[in-house]
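A.B. asks: Numbering (the working numbering), first residue to last: 2 to 263.
1. Assign residue 198 to one of three DSSP states: helix, strand, or coil.
2. Taking 7 Å as the limit between beta carbons, can you name the residues of its chain near residue 257, skipping five residues before and five after?
3. From residue 186 to residue 151, what distance separates their C-alpha atoms?
4. Does the separation of the CB atoms of residue 148 and residue 93 fall below 9 Å?
5. What's the call for residue 143, buried or exposed, on a 16-neighbour Cβ count within 10 Å?
6. How far does the beta strand (DSSP E) with residue 53 in it extend, from its first residue to its last?
7. What residue range is occupied by the uninterrupted alpha helix (DSSP H) comprising residue 46?
8. Just checking my contact of residue 36 with residue 172 at CB under 8 Å: how many whole Å lie between their CB atoms?
9. Can you say whether residue 154 is buried or exposed, counting buried as having 16 or more other CB atoms within 10 angstroms of its CB?
10. Helix, strand or coil for residue 79 per DSSP?
11. If the criterion is Cβ atoms closer than 9 Å, does the pair residue 123 and residue 198 meet it?
12. Alpha carbons only, please: which of 133, 178, 189, 228 is nearest the one belonging to residue 203?
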């Protein structure tokens, strides 16, 4: 199947979700992560379009998608389902980064016949220990406040993020809770799954907390591999923004994973 580049809007839960479609080949739906937009993923999208019919979209409150009155995991998952329903792709390969990976896992668990395979990039990880404890909340609050200036800098552009700092903090806390039960969701999925994980999810800092977070991240992926032995994993020497910094490598790994679902 061949398609020309097109853009359309999906309306769901009071949100106008901006969707793009283009390329030729196997159907693929790409879901970005928190604080990431289609504009940030432009290199990866163009590479994937060489041999995939790619549907991509901006999350609520991100990029060209409108703001919302709530930013919860269930709200994002509902938007994801609405895009899937409007895309008219039959059993696409789902690719998700970070929060997008968690959304892909939950969608596939709820719709087992609607997906041919999953490629999960640095997300949906059943880490043994939670990243966010009471001791970490001041650090994450400071991080959220620091992001406010970045949000304001790109306001009105394809890279804008409309979440308030408290929305960002609350959503991260909720994602922790969701991931605590994500192994059960994996058990409901029969299609092929490939993980693409970063070796330095929390960066390359020398502080004990960053090292612990990176070790916890690897331990989660290894835990998942033990639970689901047919799952495959690739590790990239990168940080959590690997979909932006390592687009060619990510595209190659997605292409290889897609062949395994044929």
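Glycine included, each C-beta is placed from N, C-alpha and C at the ideal position.
C.D. replies: Result, derived from the coordinates:
1. strand
2. none
3. 34 Å
4. no
5. exposed
6. 53-58
7. 43-49
8. Between residue 172 and residue 36 the Cβ distance is about 10 Å, and since that is not below 8 Å, they are no contact.
9. exposed
10. helix
11. yes
12. 133
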